[in-house]
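Scroll down for the structure; my scribbles are underneath it.
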Amino acid sequence: MHIPDGILPASVCIAGYAIAVPVTWYSLRQINRLKDPTEELPKASLLTAAFFIASSINIPVPPSSVHLVLNGLLGCVLGYFAFPAILVGLFFQAIMFGHGGLTTLGVDAVMMGIPALVASHIFQFRHVFRQKLGEKLATNVFAFLAGALGLGLAAVIFFFLVITNIPSGFDAQTERAAVYGLSLAHLPLMLIEGTFTLLLVMFLQRVKPELIERRG
Amino acid sequence: MRFELDEYAYLDSPLHRWEPRFKLIGLLVLIFAFAFIKDLRLVPVVLAIAATLYFLSRMPLSFLISRLRYPGFFLLGVILLLPFFSGETVIWQWGVLTLRQEGVLAMLLVVGRFLAIITTALILMGTTPFLTTVKTMRSLGLPSLIADMTLLTYRYLYDIAANLSTMQQAMRLRGFGRSPQKKYLPFMPDLRELKLLASLAGTLLVRSYEQSERIYKAMRLRGYGSEKFKVHPVYAGPTSSPATLRTWSGFGLVCTLLIATGLVVAEIL
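Protein chains in written order, with our numbering: chain A, 1 to 216; chain B, 1001 to 1269.
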């Protein structure tokens, strides 16, 4: 789910950077408020690389297979590091594989990074509902929601940007119908992404709970 | 370890000799000028500029073609969809298949812009060693945290990919993904398989996390994070270049800025 070079006009690409820069600044500001930001840097970097590689895992969905975006999970594990991590990951994908592009790096970062930050905050709601639902259930519910909504929001932004900016003669009604239709078509993928995030968070809770707790 | 993009970064060409800071600014401005194009008559111009730059870079054509493999799917999608579904003016019809003029023009514009941008971006990244590019971006104001993250991610990317490959091979040797008698529901992943793949991704994260703790300790021992420790850009900038190189680099920057301005003005007029 990357918007490649050439499809968006320069004004939208520049607007993407104009949004990505303050969001990056805000994320860095929050990171610098941590007790020791330098301690977090290698962890965030290696986890960025691990997420980048993990997103290449094929999930068999008969009769085909899908790749997961994992931006919701990235938000759950990395917190405010998620946005710079996505920026770096997208930069590598653009220059190594031609997924996305340099002109659309800002737009792609906003499209995936802001939902990741939203997912990070959704995951924090588990603390609010811990008493009502119990710790395990609250973590599982909000992990699922973070994963599913992270992808869902990114999909809505993606289809909105692509369909409204293709330089051609779609009328407004067709554009709207296409955005709704394609976003709805992503519902099964949201379920898969949410379930995968939930299963992965359950795994981390068993094996390395500090990975998800350290940003709690 | 040599980055895949560094394969042709050490050739001798005017673009390789171009001072990295000037090259980064010049080519990025040119890339955005290409994205600015909406007039179809300018598409051959931007393609010619990109082709000339690529020729000057002396990188082989096979390198460009290999980089187009993944984005080629996007190109194919645009070529197959836009001309048939976008626009109203029908120029050819065969049964339900209708070729529309607006769609064809939009397709040519998108494909032309895409090829020009991706070629120029490849020249930008392919004619400078990756580490120099990151240090150049750092010297132009990229926050140190993002520069450090980029370098560390780059350093461990291939290690982690190798790690994943080994784990996947181990899973396959234990029979993962080979159950022909099993009935799969269409469009529904098998929950057990999903659980195993989540454990695979989780193991990758845990291993990377544990490795990062060791790396951090090693970095601290070497002084990382202390006040005295300052990361000096390895690339010293134009002052270290010979005067003639600086002059030619400046001339190259002015030329690209003029071309970019010309394209924007032509588009507006």
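All C-beta atoms, glycine included, are put in the ideal place defined by N, C-alpha and C.
Starting from residue i, find everything on chain B with Cβ-Cβ shorter than 7 Å and list it in chain order.
{"i": "A/E39", "result": "Y1216"}
{"i": "A/P42", "result": "L1152, S1212, I1215, Y1216, M1219"}
{"i": "A/I136", "result": "What sits at residue 136 of chain A in the sequence shown is Lys, not Ile. Within 7 Å Cβ-Cβ: nothing; A/K136 doesn't reach chain B, min ~16 Å."}
{"i": "A/V88", "result": "I1146, M1149, T1150, T1153"}
{"i": "A/T103", "result": "I1031, F1032, A1035, I1117"}
{"i": "A/L28", "result": "P1143, L1145"}
{"i": "A/K192", "result": "It should be pointed out that residue 192 of chain A corresponds to Ile in this sequence rather than to Lys. P1189, listed in chain order."}
By the DSSP assignment, the beta strand (DSSP E) with residue i in it spans what residues?
{"i": "A/P60", "result": "58-61"}
{"i": "A/S64", "result": "64-67"}
Could you spell out the range, first to last residue, of the alpha helix (DSSP H) harbouring residue i?
{"i": "B/L1015", "result": "1014-1017"}
{"i": "B/R1100", "result": "It is not in any alpha helix (DSSP H) - B/R1100 instead sits in the beta strand (DSSP E) that spans 1097-1100."}
{"i": "B/M1219", "result": "1191-1221"}
{"i": "A/L198", "result": "187-207"}
{"i": "A/P22", "result": "10-32"}
{"i": "B/Y1224", "result": "Element bounds for B/Y1224: n/a, residue is neither H nor E."}
{"i": "B/P1242", "result": "Segment: none, B/P1242 is in no alpha helix (DSSP H) and carries neither H nor E."}
{"i": "A/K132", "result": "130-133"}
{"i": "B/S1057", "result": "1043-1057"}
{"i": "B/R1155", "result": "1144-1173"}
{"i": "A/S45", "result": "37-54"}
{"i": "B/L1030", "result": "1020-1036"}
{"i": "A/E279", "result": "Outside the shown range of chain A (1 to 216) lies residue 279 of chain A, about which nothing can therefore be said."}
{"i": "A/I95", "result": "82-97"}
{"i": "B/K1069", "result": "A small fix is needed here, since residue 1069 of chain B is Arg in this sequence, not Lys. Unbroken run through B/R1069: none, as it is neither H nor E."}
{"i": "B/S1139", "result": "1130-1139"}
Which residues of chain B have a Cβ atom closer than 8 Å to the Cβ of residue i, listed in chain order?
{"i": "A/L46", "result": "L1152, T1153, Y1156, I1160, S1208, Y1209, Q1211, S1212, I1215"}
{"i": "A/C13", "result": "F1032, A1035"}
{"i": "A/I31", "result": "L1145"}
{"i": "A/F91", "result": "T1150"}
Using only CA atoms, which one of the options lies nearest to residue i?
{"i": "B/T1120", "options": "B/L1028, B/G1262, B/T1166", "result": "B/L1028"}
{"i": "A/M190", "options": "A/Y17, A/R206, A/V156, A/I163", "result": "A/V156"}
{"i": "B/G1177", "options": "B/L1024, B/K1195, B/M1107", "result": "B/K1195"}
{"i": "B/T1247", "options": "B/F1022, B/L1221, B/Q1168, B/L1109", "result": "B/F1022"}
{"i": "B/I1146", "options": "A/I14, A/C13, A/I31", "result": "A/I31"}
{"i": "A/L70", "options": "A/G134, A/C13, A/L153", "result": "A/L153"}
{"i": "B/F1074", "options": "B/S1086, B/G1095, B/F1114, B/W1092", "result": "B/F1114"}
{"i": "A/L73", "options": "A/Y180, A/W25, A/A20, A/L47", "result": "A/L47"}
{"i": "A/G147", "options": "A/Q124, A/E135, A/G113, A/A119", "result": "A/A119"}
{"i": "A/F52", "options": "A/F160, A/A82, A/L198", "result": "A/A82"}
{"i": "A/E40", "options": "B/L1253, B/P1242, B/S1212, B/V1264", "result": "B/S1212"}
{"i": "B/L1015", "options": "B/L1081, B/V1265, B/K1038, B/L1245", "result": "B/L1245"}
{"i": "B/I1270", "options": "B/E1019, B/L1011, B/P1020, B/R1041", "result": "It is not possible to answer for residue 1270 of chain B, since the shown part of chain B is limited to 1001 through 1269."}
{"i": "B/A1201", "options": "A/V141, A/A50, A/L78", "result": "A/A50"}
{"i": "A/R176", "options": "A/L187, A/T164, A/A185", "result": "A/T164"}
{"i": "B/L1142", "options": "A/P84, A/H67, A/V110, A/L137", "result": "A/P84"}
{"i": "B/M1219", "options": "B/D1148, B/V1265, B/G1072", "result": "B/D1148"}
Using a Cβ cut-off of 9 Å, pull out every chain B residue sitting near residue i, in sequence order please.
{"i": "A/G98", "result": "R1067, L1068, R1069, Y1070, P1071, G1072, F1074, I1118, A1121, L1122"}
{"i": "A/L158", "result": "What sits at residue 158 of chain A in the sequence shown is Phe, not Leu. The premise fails here: A/F158 is roughly 13 Å from chain B at the closest Cβ pair, so nothing lies under 9 Å."}
To which residues does DSSP link residue i through a beta bridge?
{"i": "B/Q1093", "result": "B/T1098"}
Going along chain A in order, which residues have a C-beta closer than 8 Å to the C-beta of residue i?
{"i": "B/D951", "result": "Because chain B here runs from 1001 to 1269, residue 951 of chain B falls outside it and cannot be looked at."}
{"i": "B/M1125", "result": "I95"}
{"i": "B/Y1224", "result": "T38"}
{"i": "B/L1097", "result": "None at all; the shortest Cβ gap to chain A is about 17 Å."}
{"i": "B/L1005", "result": "I95, M96"}
For residue i, which residues in chain A fall below 7 Å Cβ to Cβ?
{"i": "B/A1198", "result": "F196, L199, L200, F203"}
{"i": "B/G1202", "result": "L200, F203, L204, V207"}
Leaving out five residues before and five after residue i in sequence, what residues of the same chain have Cβ atoms less than 6 Å from its Cβ?
{"i": "A/V207", "result": "none"}
{"i": "A/G100", "result": "H2, L90, Q93, A94, D108"}
{"i": "A/I7", "result": "none"}
{"i": "B/G1237", "result": "Per-residue confidence for B/G1237 stands at a pLDDT of 47, beneath the threshold of 50, marking its modelled position as unreliable; the derived number appears in the next sentence. Closer than 6 Å at the Cβ level, and outside the excluded window around B/G1237, lies no residue."}
{"i": "B/I1049", "result": "none"}
{"i": "B/I1091", "result": "L1099, Q1101"}
{"i": "A/N58", "result": "S65"}
Enumerate in chain order the residues of its own chain whose CB-to-CB distance from residue i is below 7 Å, with the five nearest sequence positions on each side excluded.
{"i": "B/Y1008", "result": "M1059, F1063, G1126"}
{"i": "B/P1233", "result": "With a pLDDT of 48 at B/P1233, under the threshold of 50, the modelled position of this residue cannot be trusted; read the value that follows with caution. K1135, R1138, S1139."}
{"i": "B/P1083", "result": "L1099, R1100, G1103, V1104, M1107"}
{"i": "B/L1030", "result": "T1120, T1256, I1259, A1260"}
{"i": "A/S11", "result": "none"}
{"i": "B/L1122", "result": "L1064, R1067"}
{"i": "B/P1044", "result": "none"}
{"i": "B/R1155", "result": "none"}
{"i": "B/R1207", "result": "N1163"}
Run down chain A in chain order and give the residues with a C-beta less than 9 Å from the C-beta of residue i.
{"i": "B/R1138", "result": "Here the premise fails: no neighbours, minimum Cβ distance about 13 Å."}
{"i": "B/E1193", "result": "I59, P60"}
{"i": "B/F1114", "result": "P4, D5, G6, I7, G101"}
Would the C-beta of residue i count as close to the ligand GTP, meaning under 6 Å from any of its heavy atoms?
{"i": "B/L1027", "result": "By its list of ligands, the structure shown contains no ligand whatsoever, and the ligand GTP lies outside what it can speak to."}
Ordered along the chain, which non-local residues of its own chain (more than five positions away) have a Cβ less than 8 Å from that of residue i?
{"i": "B/G1262", "result": "none"}
{"i": "B/A1198", "result": "none"}
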